[in-house]
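Chains as they are written, first to last, in the UniProt record's numbering: chain A, 1 to 330; chain B, 1 to 330. Step one of this worksheet: look at the structure below.
Protein chains: 2
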Amino acid sequence: MATEQSGEDAGIQLRDRIAALGAEAFHDASVRISQHAVVTPLLDTPAIDGRRIRLKCENLQATGSFKIRCAANVIEQLSPETLRRGVVTASAGNFAPALAIAGAPHGMRLICHIPEKSAAVKVAKLRALGVELVFHDFEAWWRIMQTRDTGMPEATFLHPVCEPNGIVGNGTIAIELADEWPEIDTVIVPFGGGGLVSGIATAMRAVRAGVKVYACEIEGAAPLAAAFAAGHPVTVDRQPNFASGPGRQSVLEIMWPLLREMLAGVITVTDAEARKAFRDLTLDSHLVVEAQSAIAYAAARSADHSGRNVAAVLSGGNIDRDALVAALAD
Amino acid sequence: MATEQSGEDAGIQLRDRIAALGAEAFHDASVRISQHAVVTPLLDTPAIDGRRIRLKCENLQATGSFKIRCAANVIEQLSPETLRRGVVTASAGNFAPALAIAGAPHGMRLICHIPEKSAAVKVAKLRALGVELVFHDFEAWWRIMQTRDTGMPEATFLHPVCEPNGIVGNGTIAIELADEWPEIDTVIVPFGGGGLVSGIATAMRAVRAGVKVYACEIEGAAPLAAAFAAGHPVTVDRQPNFASGPGRQSVLEIMWPLLREMLAGVITVTDAEARKAFRDLTLDSHLVVEAQSAIAYAAARSADHSGRNVAAVLSGGNIDRDALVAALAD
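And the structure:
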């Protein structure tokens with residue numbers, strides 16, 4: 001109970017800190033990350049039912065994911081002393097490689113706590129980038145995600161989801177969208193931990209108030225929809241689906257106040273809609289994406305956005321060959 | 001012999017007409033095609049041996065191919081009377097759909113002569129675009145490509161490779177490359193019929209003389225390398241390979257004088273190099289491409305370009321699912 005309380009307090013603090021930022025904070029971040037992150041393409045797709053849908057292609061970052069924006073904006077604001085002592089994170093995905101790449105010019109030491117069942121290709125990639133790995137079972141790993149306690153007090157812990165400077169780095173996507181598409185009125189963003197969608201929503205409010213920013217999830221693995229329905233984070237059982245295996249999921253307490261305030265809502269798509277979107281992204285738009293990104297495109301096509309100008313954020317493209325081939329199967 | 005002679009004469013005429021164009025002809029074309037073609041992304045890849053390689057992503061055109069540049073620049077210069085009488089072409093690939101899309105706003109009738117063994121997915125796509133199809137065996141179809149004689153004198157024949165306005169349309173890629181990458185010194189372009197590489201080479205000579213433009217081919221299916229070796233087009237047997245099945249191939253007589261004058265040379269890659277490049281484009285760069293495009297990336301990586309700034313032109317992404325899955329197999 002004490003932990004939950006402090007999670008909520010921390011969440012209110014985080015929300016207030018992020019919500020106070022003006023447009024210049026996000027513009028500054030765009031400049032700060034520009035040596036690591038590119039301005040990603042915004043590609044048109046066939047119009048549907050009077051709506052226009054464009055794809056914001058974070059899968060075309062050199063690192064294959066939006067996370068380089070987040071990592072670069074964090075790393076570039078660390079002191080030389082902090083960089084010297086090193087950085088520790090808990091990441092099963094794209095955050096650790098992005099930190100390694102952004103930290104490399106500084107000679108930064110990076111330790112990553114990782115679930116022991118992580119894909120071999122991910123482990124090999126982290127090792128090739130010089131990351132020191134510490135393996136945990138999933139429960140212990142998830143506890144680090146919740147408590148930030150790695151037992152390594154000398155190194156600075158960076159959280160893959162809720163670092164304020166990381167959330168601001170993610171918001172640079174909104175700056176680009178507003179620049180590239182003046183008529184944009186809707187943005188749909190995959191929901192992982194909430195750092196991406198809350199960054200985009202907060203930045204959009206600062207530079208183009210009125211643009212609606214939605215998270216999206218897949219049926220049977222929708223902790224954010226459950227949180228909105230209950231009015232607070234609840235744990236849901238995750239059914240195996242196109243985007244991920246079984247498990248348990250909840251929205252991080254610390255992210256909830258920010259998400260509740262900033263998002264226009266959450267859109268849930270079916271497994272079949274996500275699979276069709278993945279296939280069309282591959283064969284019609286010629287983009288390789290992670291399954292999460294297909295959920296965003298599916299949500300842009302399936303939900304009621306008639307007459308609107310909708311950007312679907314393709315958050316990343318780091319999918320291995322077998323998963324790609326499997327996702328293209330009938 | 002008479003046909004070959006006239007092919008060579010026509011080739012010299014074509015070369016002289018294209019070679020006389022200045023930069024403004026290509027800049028005008030860029031404006032002319034802008035409602036149909038986008039300025040495609042130029043993406044970085046990991047540096048190799050001190051060379052930088054960037055990918056010019058024509059696979060990210062809405063039509064999935066550079067051919068929309070070619071088609072739009074041709075169609076937009078036809079008279080209302082010509083558009084009313086209709087257009088006929090011989091195409092087994094991306095040219096006919098691009099003509100259909102560029103012609104649609106004009107209500108243009110389009111007839112396409114097509115090899116009878118064309119992939120069902122291509123035939124269905126053309127029918128969906130309202131194209132009238134005439135089927136031929138491969139020999140008869142290739143004769144139309146050489147003679148332009150379709151037995152339909154009332155409709156204007158547009159050749160997929162050697163329309164002067166089409167070649168100029170392809171040259172708009174060079175305009176974008178020169179704008180986007182001032183330090184560019186080398187461009188590598190897949191060789192199909194020669195319209196793409198000669199357009200880029202001619203435009204580059206006009207706007208940035210000194211940039212070397214190479215064609216590329218795959219071992220065992222290299223009619224351009226054979227033409228450079230012999231000093232004139234020769235017919236070669238095509239071995240089945242990663243990019244295409246068996247057959248016979250030669251450089252079109254009409255294209256040879258232009259190619260000989262404009263190109264820095266031709267680079268040949270192995271089947272294994274092309275397969276590796278395809279896989280890396282898919283899994284590291286997150287781009288779906290046609291096999292030909294992987295040859296360009298392979299050539300940029302394999303040939304001796306140390307210290308150079310090399311753009312590989314990814315000509316298109318229209319590959320069907322089975323071919324994509326097969327190309328990713330070990």
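Every residue, glycine too, gets a C-beta built ideally from N, C-alpha and C. Source: prediction; values computed, not measured.
Around the Cβ of Gly171 (chain B), are there at least 16 other Cβ atoms within 10 angstroms (buried) or fewer (exposed)? In the second sequence, residue 171 (chain B) corresponds to position 171, counting from 1. Buried is the call here.
Considering only their Cβ atoms, is the gap separating Val207 (chain B) from Pro223 (chain B) smaller than 8 Å? Within the second sequence, residue 223 (chain B) is the residue found at index 223, counting from 1. Within the second sequence, residue 207 (chain B) is the residue found at index 207, counting from 1. No, Cβ-Cβ distance for Pro223 (chain B) and Val207 (chain B) is not below 8 Å.
For the beta strand (DSSP E) containing Asp149 (chain A), name the first residue and the last one. As a working mapping, residue 149 (chain A) is identified with position 149 in the first sequence. First-last for Asp149 (chain A): undefined, no H or E at that position.
Residues that Arg321 (chain B) contacts on chain A, provided the C-beta gap is smaller than 7 Å: Within the second sequence, the letter at position 321 stands for residue 321 (chain B). Under the 7 Å cutoff, chain A gives Leu283, Leu328.
Residues of chain B with CB closer than 7 Å to the CB of Ala62 (chain A), please, in chain order. For the purposes of this step, residue 62 (chain A) is taken as residue 62 along the first sequence, with counting starting at 1. The answer, in chain order, is Asp44.
Ser306 (chain B) to Ile48 (chain B), Cα distance in whole Å? Start at 1 with the first residue of the second sequence, and residue 306 (chain B) comes out as number 306. Start at 1 with the first residue of the second sequence, and residue 48 (chain B) comes out as number 48. Using only the alpha carbons, I get a separation of about 8 Å.
Residues bridged to Leu258 (chain B) (per DSSP): Position 258 of the second sequence holds residue 258 (chain B). Answer by DSSP bridge pairing: none, since Leu258 (chain B) is not bridged.
Check the Cβ-Cβ distances between Val197 (chain A) and every residue of chain B, and say whether any is below 8 Å. Locating residue 197 (chain A) in the first sequence gives position 197, counting from the first residue. So, not an interface residue.
Can you check which of these residues, B:Ala264, B:Met204, B:Ala72, is closest to Ala23 (chain B) by C-alpha distance? Residue mapping note: residue 23 (chain B) aligns to position 23 of the second sequence, counting from 1. Of the candidates B:Ala264, B:Met204, B:Ala72, the one whose C-alpha sits nearest the C-alpha of Ala23 (chain B) is B:Met204.
Look at Ala119 (chain B) and Ala71 (chain B) and say whether their C-beta atoms are less than 8 Å apart. If you number the second sequence from 1, residue 119 (chain B) lands on position 119. If you number the second sequence from 1, residue 71 (chain B) lands on position 71. Against a cut-off of 8 Å, the Cβ pair of Ala71 (chain B) and Ala119 (chain B) comes out as no contact.
With a Cβ-Cβ cutoff of 8 Å, do Ser293 (chain A) and Asn59 (chain A) count as a contact? The residue labelled residue 293 (chain A) in the question sits at position 293 within the first sequence. The residue labelled residue 59 (chain A) in the question sits at position 59 within the first sequence. Contact flag set, yes.
Rounded distance between the beta-carbons of Val289 (chain B) and Ala300 (chain B), thought under 8 Å: Your numbering for residue 300 (chain B) matches position 300 in the second sequence. Your numbering for residue 289 (chain B) matches position 289 in the second sequence. Not a contact, Cβ separation roughly 13 Å.
Beta strand (DSSP E) runs contained entirely in the region 69-104 of chain B, provided each spans 3 or more residues: 87-90
Is Gly317 (chain A) close to chain B? Criterion is C-beta to C-beta, closer than 8 Å. Here residue 317 (chain A) refers to the residue found at position 317 when the first sequence is read from its first residue. Interface residue, yes.
Apart from the five residues on each side of it in sequence, which residues of its chain come closer than 7 Å, Cβ to Cβ, to Leu328 (chain A)? As a first step, residue 328 (chain A) is located in the first sequence; it is residue number 328 there, counting from the start. Excluding residues within five positions, the ones whose Cβ falls inside 7 Å are Arg279, Thr282.
Ordered along the chain, which non-local residues of its own chain (more than five positions away) have a Cβ less than 7 Å from that of Ile111 (chain A)? Translated into positions along the first sequence, residue 111 (chain A) becomes position 111. Cβ within range, chain order: Gly86, Val88, Glu132, Val134, Met152, Ala155.
Counting only beta-carbon separations shorter than 8 Å, does Asn94 (chain A) have a partner in chain B? For the purposes of this step, residue 94 (chain A) is taken as the residue at position 94 of the first sequence. No - not a single Cβ of chain B is within 8 Å of the one on Asn94 (chain A).
Could you pull out every residue in the same chain whose Cβ sits closer than 8 Å to the Cβ of Glu4 (chain A), ignoring the five residues on either side in sequence? Taking the first sequence and counting its residues from 1, the one referred to as residue 4 (chain A) is at position 4. Its pLDDT being 44, under 50, Glu4 (chain A) is placed unreliably by the model, and nothing is read from it.
By a C-beta neighbour count over all protein chains shown, 10 Å radius and 16 as the cutoff for buried, is Ala140 (chain B) buried or exposed? If you number the second sequence from 1, residue 140 (chain B) lands on position 140. Burial call: exposed.
Anything in chain A within Cβ reach of Asn59 (chain B), meaning under 8 Å, just list it in chain order. In the second sequence, counting from the first residue as 1, residue 59 (chain B) sits at position 59. Within chain A, the residues near Asn59 (chain B) are His286.
Does any C-beta atom of chain B lie closer than 8 Å to the C-beta of Val131 (chain A)? Locating residue 131 (chain A) in the first sequence gives position 131, counting from the first residue. False, the Cβ-Cβ gap to chain B never drops below 8 Å.
List the whole-angstrom C-beta distance separating Phe138 (chain A) from Pro115 (chain A), where the pair is believed to meet the contact cut-off of C-beta under 8 Å. Here residue 138 (chain A) is taken as the residue at index 138 of the first sequence, counted from 1. Here residue 115 (chain A) is taken as the residue at index 115 of the first sequence, counted from 1. Contact flag correct, Cβ pair sits at about 5 Å.
Is it the case that the Cβ atoms of Cys216 (chain A) and Pro190 (chain A) are separated by a distance below 8 Å? For the purposes of this step, residue 216 (chain A) is taken as residue 216 along the first sequence, with counting starting at 1. For the purposes of this step, residue 190 (chain A) is taken as residue 190 along the first sequence, with counting starting at 1. Yes. Within cutoff.
In its own chain, which residues sit with a C-beta less than 6 Å from the C-beta of Val251 (chain A), not counting the 5 before and 5 after it? Mapped onto the first sequence, residue 251 (chain A) falls at position 251. Excluding residues within five positions, the ones whose Cβ falls inside 6 Å are Pro223, Leu224, Ala227, Pro233.
C-alpha gap between Ala2 (chain A) and Arg143 (chain A), whole angstroms: Position 2 of the first sequence, counted from the first residue, corresponds to residue 2 (chain A). Position 143 of the first sequence, counted from the first residue, corresponds to residue 143 (chain A). Only weak support is given to the placement of Ala2 (chain A): the predicted model assigns it a pLDDT of 37, under 50, and the value that follows is read from those uncertain coordinates. Rounded to the nearest angstrom, the two C-alpha atoms are 15 Å apart.
Min CB distance Val325 (chain B) to chain A below 8 Å: The sequence position of residue 325 (chain B) within the second sequence is 325, counting from 1. Val325 (chain B) counts as touching chain A.
Does the Cβ of Thr147 (chain A) have 16 or more other Cβ atoms within 10 Å, making it buried, or fewer, making it exposed? Taking the first sequence and counting its residues from 1, one reaches residue 147 (chain A) at position 147. Its Cβ having fewer than 16 others within 10 Å, Thr147 (chain A) is exposed.
Grab me the residues of Asp304 (chain A)'s own chain with a C-beta within less than 7 Å of its C-beta, minus the 5 sequence neighbours each way, in chain order. The sequence position of residue 304 (chain A) within the first sequence is 304, counting from 1. Answer for Asp304 (chain A): no residue qualifies.
Assuming contact is defined by CB atoms lying nearer than 8 Å, are Ile175 (chain A) and Phe26 (chain A) in contact in what I supplied? Start at 1 with the first residue of the first sequence, and residue 175 (chain A) comes out as number 175. Start at 1 with the first residue of the first sequence, and residue 26 (chain A) comes out as number 26. Against a cut-off of 8 Å, the Cβ pair of Phe26 (chain A) and Ile175 (chain A) comes out as a contact.
Identify the residues that DSSP records as bridge partners of Asn309 (chain B): which are they? Start at 1 with the first residue of the second sequence, and residue 309 (chain B) comes out as number 309. DSSP, once it has assigned bridges, lists B:Arg52 as partnering Asn309 (chain B).
Might you give, ordered along the chain, the residues of its own chain that have their beta carbon closer than 7 Å to the beta carbon of Leu324 (chain B), omitting 5 neighbours on each side? What you label residue 324 (chain B) is simply residue 324 of the second sequence in a count that begins at 1. If we look at Leu324 (chain B) and ignore the five residues flanking it on each side, its Cβ neighbours are Val288.
Test: Pro41 (chain B) CB closer than 8 Å to a CB of chain A: Position 41 of the second sequence, counted from the start, is the residue given in the question as residue 41 (chain B). Taking Cβ atoms only, chain A reaches closer than 8 Å to Pro41 (chain B), which makes this a yes.
Please list, in chain order, all residues of the same chain as Asn73 (chain B) whose beta carbon is under 7 Å from its beta carbon, the five residues on each side excluded. If you number the second sequence from 1, residue 73 (chain B) lands on position 73. Correct list, in chain order: Ala29, Arg32, Ile33, Asn165, Gly166, Val168, Gly169.
Would you check if the distance between the CB atom of Met262 (chain A) and the CB atom of Ser315 (chain A) is smaller than 8 Å? Along the first sequence, read from residue 1 onward, the residue named residue 262 (chain A) stands at position 262. Along the first sequence, read from residue 1 onward, the residue named residue 315 (chain A) stands at position 315. No, they are not a contact pair.
Pull the bridge partners of Gly316 (chain A) from the DSSP assignment, please. Counted from its first residue, the first sequence places residue 316 (chain A) at position 316. Per DSSP, A:Ser65.
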